[in-house]
Each structure stands twice: as structure tokens, then as C-alpha cells.
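K.L.:
If you number the sequence shown the way my numbering does, the last residue is 177 and the count never jumps. Heads up, the beta-carbon is just placed ideally off N, CA and C, and yes, glycines get one too. Got a structure for you, questions after.
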Amino acid sequence: MADPLTLSVLGATVLTEGIKFVYNQATELLKRRREKAAEVPDAPALEGQLAPLDPDPAVLDRVEPDLRELRKVLQDYVDEIEPISTQDERLLETTDAVRRLLEAVYRQRITFRGEQRPASGPVVEGSVDVAAVSGYVAGVRARVVGGGAHVRGAIRADEVSGTAVGVDLDRIGD
4 MADPLTLSVL
14 GATVLTEGIK
24 FVYNQATELL
34 KRRREKAAEV
44 PDAPALEGQL
54 APLDPDPAVL
64 DRVEPDLREL
74 RKVLQDYVDE
84 IEPISTQDER
94 LLETTDAVRR
104 LLEAVYRQRI
114 TFRGEQRPAS
124 GPVVEGSVDV
134 AAVSGYVAGV
144 RARVVGGGAH
154 VRGAIRADEV
164 SGTAVGVDLD
174 RIGD
């Protein structure tokens with residue numbers, strides 16, 4: 004898990020844009036809760052490229068109460084009533100918490116310019132931990148993965164008499 008205080012290394016401009024981004028995304032997500040997909044927003048504060056934002060309804064159901072509460076904390080900062088400071092630990096922790104909820108709902112990493120973490124974009128991770136494999140097993144099996152996606156698969160097996168692979172892809176890229 005990322006340390007929310009790593010946001011303190013960002014410049015005030017990027018942090019301000021980042022806070023507005025996560026706040027606006029939380030607002031739009033809550034407003035369009037019943038819609039299937041949202042357009043990818045223009046986000047100059049982001050490092051990397053987000054894929055189309057398609058929320059996972061089951062995850063949103065679980066996190067909606069927290070997302071609503073955390074979004075309220077950011078409101079005065081976005082409305083420029085409270086000053087944004089890279090030294091404000093509560094603000095940094097809240098921004099990171101909203102970001103992590105959005106990452107879970109959208110199944111994508113959201114990284115601000117200048118942060119020391121992987122770039123924004125889709126994340127595909129899978130792992131298998133079994134005693135024995137006698138057929139076929141893969142940590143991740145995907146037919147197509149769009150460009151910019153982070154893909155990681157892992158296998159742990161005590162005994163393999165079949166095929167065990169971490170990642171098995173037909174194609175990467177558009």
C-alpha cells in the first residue's frame with residue numbers, strides 16, 4: 004500500500020489538480036452510479052493514461068459510504084475555501100484514500116505526475132497458490148490487454164505435472 008505522505012513531495016499545483024481530480028471523479032461516480040461507463044477525463048495531473056472508466060458496481064456498492072464521507076472532506080479544498088498545503092497530513096491521507104477507492108472501483112492505478120509509483124492505467128494481477136497442478140493453471144489468462152496496462156501473474160505450486168504459468172496472453176496492446 005502506498006504511503007499517503009508520498010503525496011507531500013508533489014508541487015502545490017500538481018497536488019491541487021490531483022485533489023480536484025479525485026474529488027470530481029468521486030462526485031461523477033456517485034452521480035452516475037447507475038450508468039455503465041464514463042468517458043476518460045482530461046487529467047493533466049496524471050502520470051500515464053487511464054483506460055475508459057468503467058466502474059465495478061459490486062465494488063462501488065461496498066465503498067460508496069466511505070467515498071461519500073471522504074469526498075466531503077475534500078469539498079472546501081476544491082472550492083478553494085481551505086488552502087491546499089503539501090504539509091497538511093489530513094488532506095494528503097484523505098486524497099490518497101479517495102484515490103485508492105477510485106482505483107478499486109475503476110480497476111486502474113491513478114498516479115499523479117512526480118509520484119514514485121507505477122503510472123496510471125489498468126491493472127491486471129492474479130496469483131495461484133496450490134499444492135499440486137495436474138492440468139493447466141495460470142495466474143492471469145487474458146486474450147487481449149490494452150496498451151499501458153500493468154500485468155502481473157504469479158504461481159506457487161509444490162508439485163507440477165501439467166502446465167503452470169504466471170501470465171498467458173494472446174496479445175498485448177491495441
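(1) What are the partner residues of proline 146, as DSSP defines its beta bridges?
(2) Which same chain residues, not among the five before or five after isoleucine 158, have their C-beta less than 6 Å away from its C-beta?
(3) Which value, in whole angstroms, describes the spacing of the CA atoms of leucine 10 and asparagine 27?
(4) Given that a residue counts as buried once 16 or more other Cβ atoms are within 10 Å of its Cβ, and exposed if not, what is valine 147?
(5) Does tyrosine 139 pass the burial test, meaning 16 or more other C-beta atoms within 10 Å, or should it be called exposed?
(6) Spatial neighbours of aspartate 59 within its chain, please: C-beta separation below 8 Å, excluding the five flanking residues on both sides.
(7) Are there 16 or more other CB atoms within 10 angstroms of the CB of aspartate 99, so buried, or fewer, so exposed?
(8) Please report how far the alpha carbon of methionine 4 lies from the alpha carbon of aspartate 69, in whole angstroms.
(9) Please classify threonine 166: does DSSP put it in a helix, a strand, or coil?
(10) Distance check for alanine 48 and valine 17, CA to CA, integer angstroms please.
(11) Do arginine 144 and aspartate 161 count as a contact pair if the criterion is CB distance below 7 Å?
(12) Considering just the uninterrupted stretch of the beta strand (DSSP E) at glutamate 128, what are its terminal residues?
(13) Who are the near neighbours of serine 164 in its chain, counting only those whose CB is closer than 8 Å to its CB and skipping five residues on each side?
(14) Quick one: what does DSSP say glycine 198 is sitting in, helix, strand or coil?
(15) Check this for me: beta carbons of leucine 73 and threonine 97, under 7 Å apart or not?
(16) Quick one, which of Gly129, Ile84, Asp45 has its alpha-carbon nearest leucine 115's?
(17) Measuring alpha carbon to alpha carbon, tell me which residue in Leu94, Leu33, Leu104 is nearest leucine 77.
(18) For arginine 65, which of Glu83, Glu118, Leu105 has the nearest alpha-carbon?
(19) Tell me whether glutamine 111 sits in a helix, a strand or coil according to DSSP, three-state version.
P.N.:
To lay it out plainly:
(1) As a working note, residue 146 is residue 143 in the sequence shown. It should be noted that the sequence gives arginine, not proline, for residue 146. Paired residue(s): none; arginine 146 is not in a bridge.
(2) Here residue 158 is taken as the residue at index 155 of the sequence shown, counted from 1. Hits under 6 Å: Val131, Gly142, Ala167, Gly169.
(3) Translated into positions along the sequence shown, residue 10 becomes position 7. Translated into positions along the sequence shown, residue 27 becomes position 24. Cα to Cα, leucine 10 sits roughly 18 Å from asparagine 27.
(4) Here residue 147 refers to the residue found at position 144 of the sequence shown. Label assigned to valine 147: exposed.
(5) Residue mapping note: residue 139 aligns to position 136 of the sequence shown, counting from 1. When all chains shown are included, tyrosine 139 counts as exposed.
(6) Along the sequence shown, one-based indexing puts residue 59 at 56. Taken in chain order, the residues that qualify are Ala107, Val108, Tyr109, Arg110.
(7) In the sequence shown, the residue the question calls residue 99 occupies position 96. Counting Cβ neighbours within 10 Å, aspartate 99 comes out buried, since at least 16 surround it.
(8) Residue numbering aside, residue 4 sits at position 1 when the sequence shown is read from its first letter. Residue numbering aside, residue 69 sits at position 66 when the sequence shown is read from its first letter. Note that methionine 4 scores a pLDDT of 48, beneath 50, so its modelled location is shaky; the value from the coordinates is reported in the next line. Distance between the alpha carbons of methionine 4 and aspartate 69 is about 18 Å.
(9) As a first step, residue 166 must be located in the sequence shown, where it is residue number 163. Of the three classes helix, strand and coil, the one that applies to threonine 166 here is strand, per DSSP.
(10) As a first step, residue 17 is located in the sequence shown; it is residue number 14 there, counting from the start. As a first step, residue 48 is located in the sequence shown; it is residue number 45 there, counting from the start. Going by the C-alpha atoms only, they are around 5 Å apart.
(11) Taking the sequence shown and counting its residues from 1, one reaches residue 161 at position 158. Taking the sequence shown and counting its residues from 1, one reaches residue 144 at position 141. Their beta carbons are not under 7 Å apart, which means aspartate 161 does not touch arginine 144 by this criterion.
(12) As a first step, residue 128 must be located in the sequence shown, where it is residue number 125. It spans 124-136 - the beta strand (DSSP E) in which glutamate 128 sits, taken as one unbroken run.
(13) Stepping through the sequence shown from its first residue, residue 164 is reached at position 161. Result list for serine 164: Ala135, Val136, Ser137, in chain order.
(14) The requested residue 198 is not part of the displayed model; the chain covers only 4 to 177.
(15) Locating residue 73 in the sequence shown gives position 70, where the first residue counts as 1. Locating residue 97 in the sequence shown gives position 94, where the first residue counts as 1. In contact: leucine 73 and threonine 97 (Cβ atoms closer than 7 Å).
(16) As a position in the sequence shown, residue 115 is number 112, starting the count at 1. The sequence as given places phenylalanine at residue 115; leucine does not occur at that position. That would be Asp45, whose Cα lies nearest to the Cα of phenylalanine 115.
(17) The count along the sequence shown starts at 1 and reaches residue 77 at position 74. When only C-alpha atoms are compared, the closest one is Leu94.
(18) Along the sequence shown, read from residue 1 onward, the residue named residue 65 stands at position 62. The shortest Cα separation from arginine 65 among Glu83, Glu118, Leu105 belongs to Leu105.
(19) In the sequence shown, counting from the first residue as 1, residue 111 sits at position 108. Glutamine 111: strand per DSSP, three-state reduction.
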